[in-house]
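Engineer: Taking my numbering, the leading residue of the sequence shown gets 1, the next gets one more, and so forth. For each residue, glycine too, the CB sits at the ideal point set by N, CA and C. Remember, predicted model here, so these are calculated numbers, not experimental data. Quick one: structure below, then a few questions.
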Amino acid sequence: MTKVLVLGGGTAGLIAARYLKAEADRLKLDVDVTMVTASERHYMPPLFMEVALGSAEAHETWAPIKNAEKVYGFKVDIDRVTKIDLDNRQVKTEGGKVYDYDYLFLGLGVKYAWDKYKGLAEHGYHNYTLEGALELRKALYEFKGKRVVIYTPEAPHRCGIYPYEMGLALRAYFEAKGLNDVEITVVHPDREPSVGLGPDLVRFFKREMEKARVNFVRNEGHVKITPNKVITKNAELEYDLLIKVPPIAIPDVMAFMANEKDPRWARVKGPDFRYPGYDDVYVVSEASMPPLGLLTAGVPLHNAAVVSATSILHQVHGGYPIAEFAPTMCLGVGYHTGFTANCEYRWTGSKYERTCYLLFKSPLIKEMKASFYRGWLDSLRL
């Protein structure tokens, strides 16, 4: 029997475990797939913004990951990983268990480094956790000020278009409440809004932000945040409400795998996301995307998990075709509308190059996006 151990019950872990189990069963391969995850809940983080804006409730953002045992057929253990021993092919947990494996899939996500920048941890609100979204929801409901700043200290971060989406969604939110004179400013290291997605999306966000009266200020370097002001090397902005985006970094349990050039990220080699020196270990999280030129968002993680899963099957089966990193379709929110974009990828031998373009925009996209997230979670609800 071949043992595949999947660490993490988020998007990457769930996709990898599902794919491996389904294909192993179809091909009648003797493969045991076990997931170990610290949380009983499989969250859909994009819904946290909807919670903050009052269009979703907390219980709609998650489903029990243990249900994957009945729905998809692989084993799920709820436990926190405390040590990863690659040389001995062992993983230890908080509960005292020791797992051995033939292949290891690391989908442990990232940690939020709130303390990295002066004043960032102490001031402001966010919706990058469910608890944070509920706090921001209360702050928005009670808001009676004039100035909102959406602040990003560094990039890349989780969901690169979030600050722009949030700025546009906030304008619609305040207008619905009759608060038409609120000043909304996005402060971000991008030289232009969403520049990483190419000229089509830059034009889209610029036009939408102009229509919605959302300002953009480039962040040329963090200085500090005070109780009422964001100070960067090139600007000082007063605020009545601060919404902040967290810096991200490799989880502590994977710290020994950090990239020497940039310790925020994991060492990883493409095109199939293996850990250098260990062909039985795969690293798929936001911490492994930037070194390979990929975006830190759910759909790229989905595709990376499929590539890794097919690479494992290729070795177990002795010929299973390894998937290419597929084009990724992105659904996003504009000002009273939504958009669909597509990114195509090409492996260059050291990283992925991408070309992104806008497909179309429509108010219906917002409903499609919400339906996709809820349908995903519904698949885990019994």
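Please state the DSSP three-state secondary structure of Trp62.
Structural biologist: Correct three-state label for Trp62: strand.
Engineer: Judging by CA-CA distance, which residue of Ser371, Phe204 and Ser308 is the nearest neighbour of Pro46?
Structural biologist: Of Ser371, Phe204 and Ser308, the residue nearest in Cα terms is Ser371.
Engineer: Which partner residues of Asn215 appear in the DSSP bridge assignment?
Structural biologist: Thr185, per the DSSP bridge assignment.
Engineer: Buried or exposed for Glu208, going by 16 or more other Cβ atoms inside 10 Å?
Structural biologist: Buried, by the Cβ-count rule.
Engineer: Taking its Cβ as the centre, do 16 or more other Cβ atoms sit within 10 Å of Arg354, making it buried, or is it exposed?
Structural biologist: It counts as buried.
Engineer: Can you check which of these residues, Pro64, Phe273, Tyr99 and Lys70, is closest to Val81 by C-alpha distance?
Structural biologist: Checking every option, the nearest Cα to that of Val81 belongs to Tyr99.
Engineer: Under the DSSP definition of a beta bridge, which residues are partnered with Tyr373?
Structural biologist: DSSP lists no partner for Tyr373.
Engineer: Work out the CA separation of His317 and Pro153 for me, nearest whole Å.
Structural biologist: Each residue's alpha carbon lies about 46 angstroms from the other.
Engineer: Measure how close the beta-carbons of Leu170 and Ile184 come, nearest whole angstrom, since I'm counting them as under 8 angstroms.
Structural biologist: Right, the Cβ-Cβ distance comes to about 6 angstroms (below 8 angstroms), so this counts as a contact.
Engineer: Quick check: what's the CA-CA separation for Leu358 versus Ile248?
Structural biologist: If you take the alpha carbons of Leu358 and Ile248, they lie about 27 angstroms apart.
Engineer: State the DSSP-derived secondary structure class of Thr348, mapped to helix, strand or coil.
Structural biologist: The answer is coil: DSSP assigns Thr348 none of H, G, I, E or B.
Engineer: What three-state label does DSSP hand Tyr103 in the structure shown?
Structural biologist: Residue state, collapsed to three classes: strand.
Engineer: With a CB to CB cut of under 6 angstroms and the five nearest residues on each side skipped, what residues in its chain are close to Ala287?
Structural biologist: So the list reads Val110, Ile250, Trp265 and Ala266, once near-sequence residues are dropped.
Engineer: Compute the Euclidean distance between the alpha carbons of Gly334 and His302, then round it to the nearest angstrom.
Structural biologist: Spanning the two alpha carbons is a distance of roughly 24 angstroms.
Engineer: Identify every residue that forms a DSSP beta bridge with Cys330.
Structural biologist: Ala341.
Engineer: Counting only runs of 3+ residues fully inside the segment 10-65, write out the beta strand (DSSP E) ranges in chain order.
Structural biologist: Taking only runs of at least 3 residues, the beta strand (DSSP E) segments lying wholly in the segment 10-65 are 31-37, 41-43 and 62-64.
Engineer: Roughly how many angstroms lie between the CA atoms of Val283 and Leu20, to the nearest whole one?
Structural biologist: One C-alpha to the other measures close to 15 angstroms.
Engineer: Using only CA atoms, which one of Asp279, Arg18 and Arg41 lies nearest to Asp32?
Structural biologist: Among Asp279, Arg18 and Arg41, the Cα nearest to that of Asp32 belongs to Arg18.
Engineer: Alpha carbon to alpha carbon, how far is Lys233 from Met257? Give it in angstroms, no decimals.
Structural biologist: Met257 and Lys233: Cα-Cα distance of roughly 33 angstroms.
Engineer: Taking 6 angstroms as the limit between beta carbons, can you name the residues of its chain near Ser363, skipping five residues before and five after?
Structural biologist: According to the sequence as given, residue 363 is Pro; it is not Ser. Hits under 6 angstroms: Thr337.
Engineer: Going along the chain, which residues of its own chain have a beta-carbon closer than 7 angstroms to the beta-carbon of Pro163, five neighbours each way excluded?
Structural biologist: If we look at Pro163 and ignore the five residues flanking it on each side, its Cβ neighbours are Ile150, Thr152, Val186, His188 and Val245.
Engineer: Output the distance between the C-alpha atoms of Lys224 and Ile231, rounded to the nearest integer angstrom.
Structural biologist: Straight-line Cα distance between these residues: approximately 5 angstroms.
Engineer: Measuring alpha carbon to alpha carbon, tell me which of Lys146, Trp62, Ala16 and Arg89 ends up nearest Tyr278.
Structural biologist: When only C-alpha atoms are compared, the closest one is Arg89.
Engineer: Going by alpha carbons, who is nearest to Phe273 out of Lys3, Met1 and Ala12?
Structural biologist: Phe273 has its Cα closest to that of Ala12, out of Lys3, Met1 and Ala12.
Engineer: His317 lies in the alpha helix (DSSP H); which residues open and close that run?
Structural biologist: Note, His317: alpha helix (DSSP H), Gly298 to His317.
Engineer: Alpha carbon to alpha carbon, how far is Ala63 from Tyr173?
Structural biologist: Spanning the two alpha carbons is a distance of roughly 27 angstroms.
Engineer: What three-state label does DSSP hand Lys70 in the structure shown?
Structural biologist: In this structure, Lys70 counts as helix in the three-state DSSP scheme.
Engineer: Classify Ala172 as helix, strand or coil using the three-state DSSP reduction.
Structural biologist: Looking at Ala172 - three-state DSSP - the assignment turns out to be helix.
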